[in-house]
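K.L.:
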Amino acid sequence: MVQQYSVLINGKLEKPGKWIDVVNPANEQVIAQVPDCGQEELDRAVAAARAAFKTWKNVPIEERRAVIQKISAAIKANADELMRLLTSEQGKPHAQAAGEIHGAAAMAAAQSTLSLEDEINEDSDTRLSRTRRVPVGVVGGIVPWNFPVMMAVQKIVPALLSGCTMVLKPSPFTPLATLRIVELIADEVPAGVLNVITGGDDLGPLITSHPDIDKITFTGSTATGKRVMESASKDLKRITLELGGNDASIVLPDADVKKVAEQLFWSSFTNAGQICVAAKRIYIHEDIYDELSAAIAEYAKGVKVGDGAEQGTAVGPIQNKKQYERVLDLIQDAKDNGYKFLVGGDHDPSIPGYYVPITILDNPPEDARIVAEEQFGPVMPLMKFSTVEEAIQRANASDYGLAGAVWTGNPEEGVKVAEQLETGTVWVNEYLHLSPFAPFAGHKQSGFGAEYGKEGLLEFTYPQVITVKREKAVA
Ligand code: NAD
Numbered sequence: 001m002v003q004q005y006s007v008l009i010n011g012k013l014e015k016p017g018k019w020i021d022v023v024n025p026a027n028e029q030v031i032a033q034v035p036d037c038g039q040e041e042l043d044r045a046v047a048a049a050r051a052a053f054k055t056w057k058n059v060p061i062e063e064r065r066a067v068i069q070k071i072s073a074a075i076k077a078n079a080d081e082l083m084r085l086l087t088s089e090q091g092k093p094h095a096q097a098a099g100e101i102h103g104a105a106a107m108a109a110a111q112s113t114l115s116l117e118d119e120i121n122e123d124s125d126t127r128l129s130r131t132r133r134v135p136v137g138v139v140g141g142i143v144p145w146n147f148p149v150m151m152a153v154q155k156i157v158p159a160l161l162s163g164c165t166m167v168l169k170p171s172p173f174t175p176l177a178t179l180r181i182v183e184l185i186a187d188e189v190p191a192g193v194l195n196v197i198t199g200g201d202d203l204g205p206l207i208t209s210h211p212d213i214d215k216i217t218f219t220g221s222t223a224t225g226k227r228v229m230e231s232a233s234k235d236l237k238r239i240t241l242e243l244g245g246n247d248a249s250i251v252l253p254d255a256d257v258k259k260v261a262e263q264l265f266w267s268s269f270t271n272a273g274q275i276c277v278a279a280k281r282i283y284i285h286e287d288i289y290d291e292l293s294a295a296i297a298e299y300a301k302g303v304k305v306g307d308g309a310e311q312g313t314a315v316g317p318i319q320n321k322k323q324y325e326r327v328l329d330l331i332q333d334a335k336d337n338g339y340k341f342l343v344g345g346d347h348d349p350s351i352p353g354y355y356v357p358i359t360i361l362d363n364p365p366e367d368a369r370i371v372a373e374e375q376f377g378p379v380m381p382l383m384k385f386s387t388v389e390e391a392i393q394r395a396n397a398s399d400y401g402l403a404g405a406v407w408t409g410n411p412e413e414g415v416k417v418a419e420q421l422e423t424g425t426v427w428v429n430e431y432l433h434l435s436p437f438a439p440f441a442g443h444k445q446s447g448f449g450a451e452y453g454k455e456g457l458l459e460f461t462y463p464q465v466i467t468v469k470r471e472k473a474v475a
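UniProt numbering applies: residue 1 is where the sequence shown begins, and numbers increase by one.
Written out as structure tokens, the structure is:
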């Protein structure tokens, strides 16, 4: 029998009795079961969060900060165990899983230092007006399967720091490391302040429509994000949505080909391409296209795809069967249309596990599905451009607006291009770096609101303006 994990409701670890199987994507074996919670567990979790809110909102921020620092410390102290668990449920290689665990602990510690000071609007003879920040209330957090620990922590930290209480739902595909963290911290967080329940995709809509939840913070696909927004609109819940992206990288003709080849490769293939801000369309200037595409293809040959738990694996499997089939479908579409493959294109369905070989396409047209859609897998389309204006126009021709990158020997020129991209984040000569203190906010259909930094924290609060009339002293 596989291990059965507990959920956390009102400070107690529970095993409600109905179960969901969790599968290792490297071999398709069931490795654990987690509770299949429904309306009854959700109602109890929300009631606990509502009751805890009455006191938590008045707990001084220093004490709330200390609780978050304990969460961070628990993650760090158990990083090795959590890293192995994460690889087994998500598929990412050990080194990348360790990066996610340590990154989540560091992110929590850094963001715990944020504060919510009052602001003075007017301090005159006749009036004192100040804005204070009050917590929104009970927050429902919904997390995807690509960075389950980082995304869970990224929702828990600002919610708790602001004085909100929370009901968090991990993805049914990747709940294990999160539930283990919850077990480790159950005694550190006051009962009801953080509740974590697992369930199938039907649990999400129950959360977004729950009448006693005040705010939803959601990370996932744009399609689901629209459903979340529609559902939350019924009672005007506050929402923060971090959604999909189809990020473009623009490589200018003065880029250092040898240096950039490896960095570009990893900007697309880290986590097997399953990153919202992965480089999903690479535009290369025609002067260096042949040399750079050959260098990327050469680099790809030395990269091992396999079980993330095996030494030497650098690219793991796709996390789940549905996404695996979607990525294979995009590759098949490229084949059917006669697009040229620089690397990959073939795949062996007889091997257990959701493996997609590294695939690089050579200059497919702009309307190819692999260019126009978010692939979220290890497939990289390289496209040739002639002028910078053309590259910017093609990069911006998307409903998404999450992130992008510019690669150049001249950072100042890179910044000029960056400023013309219609995305919330742009990197010049680097990739995938997110600061705990900078807002991460998708433009267009990549999101609504912001996470990270002060701006992300403020999303969990309402402004409240208190104005006091001052009587002028009579002489
Ligand atoms: P998804 O939208 O299928 O699922 C995300 C979460 O929503 C899961 O927990 C799921 O159970 C839940 N859910 C499903 N249907 C729901 C509904 N109707 N109402 C409420 N919740 C529901 O996304 P995914 O496949 O888990 O993740 C991949 C997508 O997430 C990609 O598009 C990726 O770009 C995006 N993503 C975005 C960011 C970001 O910060 N912008 C980060 C990671 C992933």
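All C-beta atoms, glycine included, are put in the ideal place defined by N, C-alpha and C.
I'd like the list of long-range same chain contacts for residue 126, defined as Cβ closer than 6 Å, with 5 residues on each side in sequence excluded.
P.N.:
For this step, residue 126 is matched to residue 126 along the sequence shown. Closer than 6 Å at Cβ, skipping near neighbours: 470.
K.L.:
With residue 86 and residue 182 assumed to form a contact (beta carbons below 8 Å), what rounded beta-carbon distance in angstroms separates them?
P.N.:
The count along the sequence shown starts at 1 and reaches residue 86 at position 86. The count along the sequence shown starts at 1 and reaches residue 182 at position 182. About 14 Å; that fails the 8 Å criterion.
K.L.:
Taking DSSP as the reference, what is the three-state secondary structure of residue 466?
P.N.:
Within the sequence shown, residue 466 is the residue found at index 466, counting from 1. Three-state DSSP puts residue 466 in a strand.
K.L.:
Given 8 Å as the limit, is there contact between the segment 299–308 and the segment 319–328, that is, 3 or more CB pairs closer than that?
P.N.:
Touching, no.
K.L.:
Have a look at residue 357 and residue 221 and give me their C-alpha separation to the nearest angstrom.
P.N.:
By one-based count along the sequence shown, residue 357 stands at place 357. By one-based count along the sequence shown, residue 221 stands at place 221. The straight-line gap from Cα to Cα measures roughly 24 Å.
K.L.:
So what's residue 218 in DSSP terms, helix, strand or just coil?
P.N.:
Your numbering for residue 218 matches position 218 in the sequence shown. Three-state DSSP puts residue 218 in a strand.
K.L.:
At a cut-off of 7 Å, is residue 271 close to the ligand NAD when judged by its beta-carbon and the heavy atoms of the ligand?
P.N.:
Here residue 271 refers to the residue found at position 271 of the sequence shown. Result no, Cβ not under 7 Å from the ligand NAD.
K.L.:
Distance, Cα to Cα, residue 392 vs residue 368?
P.N.:
Locating residue 392 in the sequence shown gives position 392, counting from the first residue. Locating residue 368 in the sequence shown gives position 368, counting from the first residue. Cα to Cα, residue 392 sits roughly 18 Å from residue 368.
K.L.:
Suppose you measure from the CA of residue 60 to the CA of residue 135; what does that come to, to the nearest Å?
P.N.:
The residue labelled residue 60 in the question sits at position 60 within the sequence shown. The residue labelled residue 135 in the question sits at position 135 within the sequence shown. Near 12 Å, if we compare the C-alpha coordinates of residue 135 and residue 60.
K.L.:
Can we count residue 141 as close to the ligand NAD, meaning its CB is less than 7 Å from some heavy atom?
P.N.:
By 1-based counting over the sequence shown, the position of residue 141 is 141. No, Cβ of residue 141 sits at least 7 Å from all heavy atoms of the ligand NAD.
K.L.:
Suppose contacts are defined by Cβ-Cβ distances below 8 Å. Is residue 424 in contact with residue 440 by that definition?
P.N.:
The sequence position of residue 424 within the sequence shown is 424, counting from 1. The sequence position of residue 440 within the sequence shown is 440, counting from 1. Yes; because the gap between Cβ atoms is below 8 Å, this pair is in contact.
K.L.:
For residue 478 and residue 215, I'd like the C-alpha separation in whole angstroms.
P.N.:
Not covered by the structure: residue 478. The range shown for the chain is 1 to 475.
K.L.:
How many Å lie between residue 35 and residue 402 at the Cα?
P.N.:
Within the sequence shown, residue 35 is the residue found at index 35, counting from 1. Within the sequence shown, residue 402 is the residue found at index 402, counting from 1. Using only the alpha carbons, I get a separation of about 33 Å.
K.L.:
Considering only the beta carbon of each residue, do residue 10 and residue 192 sit closer than 8 Å?
P.N.:
Against the sequence shown, residue 10 aligns to sequence position 10. Against the sequence shown, residue 192 aligns to sequence position 192. In contact: residue 10 and residue 192 (Cβ atoms closer than 8 Å).
K.L.:
Quick one, which of 96, 147, 105 has its alpha-carbon nearest residue 480's?
P.N.:
Coverage of the chain is limited to positions 1 through 475, which leaves residue 480 absent and any answer about it impossible.
K.L.:
Could you tell me the alpha carbon to alpha carbon distance between residue 375 and residue 280, rounded to whole angstroms?
P.N.:
As a working mapping, residue 375 is identified with position 375 in the sequence shown. As a working mapping, residue 280 is identified with position 280 in the sequence shown. Rounded to the nearest angstrom, the two C-alpha atoms are 7 Å apart.
K.L.:
Could you have a look at residue 190 and say whether DSSP puts it in helix, strand or coil?
P.N.:
By one-based count along the sequence shown, residue 190 stands at place 190. Looking at residue 190 - three-state DSSP - the assignment turns out to be coil, as it is neither helix nor strand.
K.L.:
Less than 7 Å between the CB of residue 228 and some heavy atom of the ligand NAD, yes or no?
P.N.:
Indexing the sequence shown from 1 puts residue 228 at position 228. Answer for residue 228: yes, Cβ within range of the ligand NAD.
K.L.:
Using DSSP bridges, identify the partner residues of residue 247.
P.N.:
The residue you call residue 247 lines up with position 247 of the sequence shown. In DSSP, residue 247 forms a bridge with 279.
K.L.:
For the segment 140–202, list the alpha helix (DSSP H) runs that are entirely contained and at least 4 residues long, ordered along the chain.
P.N.:
Runs of the alpha helix (DSSP H) inside the segment 140–202: 148–162, 176–185.
K.L.:
Does the distance from the CB of residue 25 to the CB of residue 378 come in under 8 Å?
P.N.:
Locating residue 25 in the sequence shown gives position 25, counting from the first residue. Locating residue 378 in the sequence shown gives position 378, counting from the first residue. Going by C-beta atoms, residue 25 is not nearer than 8 Å to residue 378.
K.L.:
Taking one C-beta from the segment 136–143 and one from the segment 151–167 each time, how about it: are there three or more such pairs within less than 8 Å?
P.N.:
Counting Cβ pairs under 8 Å, three or more are found: they touch.
K.L.:
May I ask you to report which of helix, strand or coil DSSP gives residue 113?
P.N.:
Reading the sequence shown from its first residue, position 113 is the one you call residue 113. Coil, per DSSP.
K.L.:
Looking at the ligand NAD, does it come within less than 7 Å of residue 398, judged from the CB to the closest heavy atom?
P.N.:
For this step, residue 398 is matched to residue 398 along the sequence shown. No, Cβ of residue 398 sits at least 7 Å from all heavy atoms of the ligand NAD.
K.L.:
Which residues does DSSP pair with residue 239 in a beta bridge?
P.N.:
Here the question's residue 239 lines up with position 239 in the sequence shown. BP columns for residue 239 point to 216.
K.L.:
Residues in its own chain within less than 8 Å of residue 284 by CB, not counting five upstream and five downstream?
P.N.:
Taking the sequence shown and counting its residues from 1, the one referred to as residue 284 is at position 284. Cβ neighbours of residue 284 beyond the five flanking positions: 251, 292, 293, 382, 383, 384, 385.
K.L.:
Going by beta-carbon coordinates alone, are residue 359 and residue 338 separated by less than 8 Å?
P.N.:
As a working note, residue 359 is residue 359 in the sequence shown. As a working note, residue 338 is residue 338 in the sequence shown. No, these two residues do not count as a Cβ contact at 8 Å.
K.L.:
Check each candidate in 256, 30, 78, 449 and name the one with the smallest Cα separation from residue 352.
P.N.:
If you number the sequence shown from 1, residue 352 lands on position 352. Ranking the options by Cα distance to residue 352, first place goes to 30.
K.L.:
If you count every other CB in all the chains shown that lies within 10 Å of the CB of residue 155, and 16 or more means buried, which is it?
P.N.:
Residue 155 sits at position 155 when you count from the first residue of the sequence shown. Residue 155 is buried by the Cβ-count criterion.
K.L.:
Is residue 21 close to the ligand SAM? I mean its beta-carbon at under 7 Å from any heavy atom of the ligand.
P.N.:
Ligands in the displayed structure: the ligand NAD; the ligand SAM is not one of them.
K.L.:
Comparing the CB of residue 166 with every heavy atom of the ligand NAD, is any distance shorter than 7 Å?
P.N.:
Within the sequence shown, numbered from 1, the residue matching residue 166 stands at position 166. No; taking the cut-off as 7 Å, the Cβ of residue 166 has no heavy atom of the ligand NAD nearer than that.
K.L.:
Which first and last residues belong to the beta strand (DSSP E) in which residue 29 is found?
P.N.:
For this step, residue 29 is matched to residue 29 along the sequence shown. Residue 29 -> beta strand (DSSP E) spans 29–35.
K.L.:
Under 8 Å: do the segment 425–440 and the segment 256–276 share three or more Cβ pairs, one atom per stretch?
P.N.:
Judged by Cβ distances under 8 Å, the segment 425–440 makes contact with the segment 256–276, as three or more pairs qualify.
K.L.:
For the candidate residues 333, 76, 387, 189, whose alpha-carbon lies nearest to that of residue 365?
P.N.:
Position 365 of the sequence shown, counting from 1, holds the residue named residue 365. It is 333.
K.L.:
Start and end of the alpha helix (DSSP H) containing residue 411?
P.N.:
For the purposes of this step, residue 411 is taken as the residue at position 411 of the sequence shown. Counting along the chain, the alpha helix (DSSP H) containing residue 411 begins and ends at 411–418.
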